[in-house]
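Peer 1: A single structure is presented below for examination.
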Amino acid sequence: FDILKEKAEEIRRVVAVIPGAADVTVEQITGLPILRIDVDRQAIARFGIPAEEVLEVVENLGTRQVGEVVEGQMRFDLVMRLDISYRNDPNQIERLLVTGPDGQRIPLAQLANIEIVEGPSTINREWAKRRITIQANVRDRDVGSFVSSVRSSINDGVELPSGYYVRYGGQFEHLERARTRLMIVVPIALLLIFSLLYLTFGRARDALLVFTGVPFAVVGGIIALWLRGVPFSISAGVGFVAVSGVSVLGQLVLVSQIRHLLDAGREIVEATQIAAETRLRPVLMTGLVAALGFVPMALNTGVGAEVQRPLATVVIGGVITSMLATLLVLPLLYTTFGKGVESTDGEGEIKL
C-alpha cells in the first residue's frame, strides 16, 4: 500500500501539469481507523492464559454465530454481539475481562496491546493484482493525444519498481476499442457507397465523380471541428461515416441531370452548365435540410452534449463543403473527366 500510494502521488503530480488535465485525483485506499489488538505473549505466559482465550474475547467484539432459529421453512442465524457501548469505546474494550485458569478476571489491556492505527479503507484487485486508480478529466483536448502525453511523461518522470505497471482505461479504453471497429466499418461503408453509385449509373467514371464529394465532406468536417475547438472523439468519427453518405446526395442529383441531358443529345459542356443552373435549388435544399437538422445537436450544452456536438459539427461542416463542391467543383470535374460518356443522336450514331 505504501508503494502504491507513493507512486500514485508521483503520477498525479506528473499528470496535473499536462495541458488538458483537470480534476486529477488519486483513489483513497487508506485512512480508515482500525482498532488493532496484538496478543502480548509474555503477559499471557505470566498469567498462564492461552492465546486462544484472549482471541475468543476479541472475536466477540464482532458478530459471532452461536446457533440457528427456525421459523417454519425459514432459517435465521442466531448471533451474539457485544453491546455497542463497549464496541465503540476503546477504553471500554481495554477493561473487558478475561478469565484465567484459576478463575482470576484480568483486564484485556494487561494481556494485549490495544491501539488505533490507520488501515486500508478499500482493497481493490484486478486479475489478482492490487491496483490504485488515478482519475482525470480532459478539457479542450482529445483523449488520444492526452493519453500519449501522459504515457511519455510517466515513462520519463516516474520510475516504477519491478512488478508495477500503468494501464490506461476509462474513455481512452473505449476509444481504442471503437477505433478498431471504425477501421473495419469505415472502409465497408465507403465501399457500399461506391457500389450503390456504380449500380445507379452503371459506369465507374460517373460513380467516382460523384464519390469526390466524400473527401470534400471530410475536409469540411475537420475544418468545422477546428473552428469550434471541438476535439476529435468517437462520436466525431461516427459523424464522418454519416457525412460520407449524406455528401453524395447533391452530387447524385447533379450528375443524374447531366446524364439525362447527355442522353438528350446535348454537348457535355452545355449539359453541365444547364444542369448546374437547373439543379441549383434541389442541391441547396438537399444540403441545407441535412445540415439544419443537426443544428440543435451542435448547439446543445446539456446532457449528452459531449456526444452530440462533435457528431453534429462534423456533419454540418461536411455537408456545407460538399454542397460547395457540388456547385463549383463537380461541374468542372465532369467537363474535364466525363467526356467518355456515351450519347446518341437522332440517327443512332454513337459519339464519344
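Using this note's numbering, the first residue of the sequence shown is number -2, and each one after it goes up by one.
Beta carbons: idealized from backbone N, C-alpha and C, even for Gly.
Taking only the alpha-carbon atoms, compute the straight-line gap between residue 25 and residue 140 and give it to the nearest angstrom.
Peer 2: For residue 25 and residue 140, the distance between alpha carbons rounds to 24 Å.
Peer 1: Please state whether DSSP places residue 62 in a helix, a strand or coil.
Peer 2: If DSSP states are grouped into helix, strand and coil, residue 62 belongs with the strands.
Peer 1: Just to confirm my understanding: we take residue 122, look at its own chain, exclude 5 residues before and 5 after, and list those with CB closer than 7 Å. What are they?
Peer 2: Cβ within range, chain order: 128.
Peer 1: Please return the same chain residues whose Cβ sits closer than 6 Å to the Cβ of residue 98, not counting the five positions on each side in sequence.
Peer 2: 45, listed in sequence order.
Peer 1: Find the nearest neighbour of residue 111 within the set 134, 126, 133, 86, judged by alpha-carbon distance.
Peer 2: Closest by alpha carbon: 86.
Peer 1: Taking residue 5 as the reference, give the member of 73, 169, 331, 131 with the closest Cα.
Peer 2: Residue 5 has its Cα closest to that of 131, out of 73, 169, 331, 131.
Peer 1: Residue 249 and residue 272: beta carbons closer than 8 Å?
Peer 2: Taking 8 Å as the Cβ cut-off, residue 249 and residue 272 do not qualify as a contacting pair.
Peer 1: What does the alpha-carbon distance come out to for the pair residue 229 and residue 274?
Peer 2: Using only the alpha carbons, I get a separation of about 37 Å.
Peer 1: Counting only the same chain and skipping the five closest in sequence on each side, list residues whose C-beta sits under 6 Å from that of residue 268.
Peer 2: 255, 258, 259.
Peer 1: Is residue 101 buried or exposed, if buried means 16 or more other CB atoms sit within 10 Å of its CB?
Peer 2: The residue is exposed, with fewer than 16 neighbouring Cβ atoms inside 10 Å.
Peer 1: In its own chain, which residues sit with a C-beta less than 7 Å from the C-beta of residue 217, not counting the 5 before and 5 after it?
Peer 2: Hits under 7 Å: 314, 315, 317, 318, 319.
Peer 1: For the putative contact between residue 0 and residue 158, defined by C-beta atoms under 8 Å, what is the C-beta separation to the nearest angstrom?
Peer 2: At roughly 6 Å, the Cβ-Cβ gap stays under 8 Å, so residue 0 and residue 158 are in contact.
Peer 1: Per DSSP, which residues does residue 191 bridge with? Please list them.
Peer 2: According to DSSP, residue 191 bridges with nothing at all.
Peer 1: So the alpha helix (DSSP H) residue 129 belongs to, where does it begin and stop?
Peer 2: Element bounds for residue 129: n/a, residue is neither H nor E.
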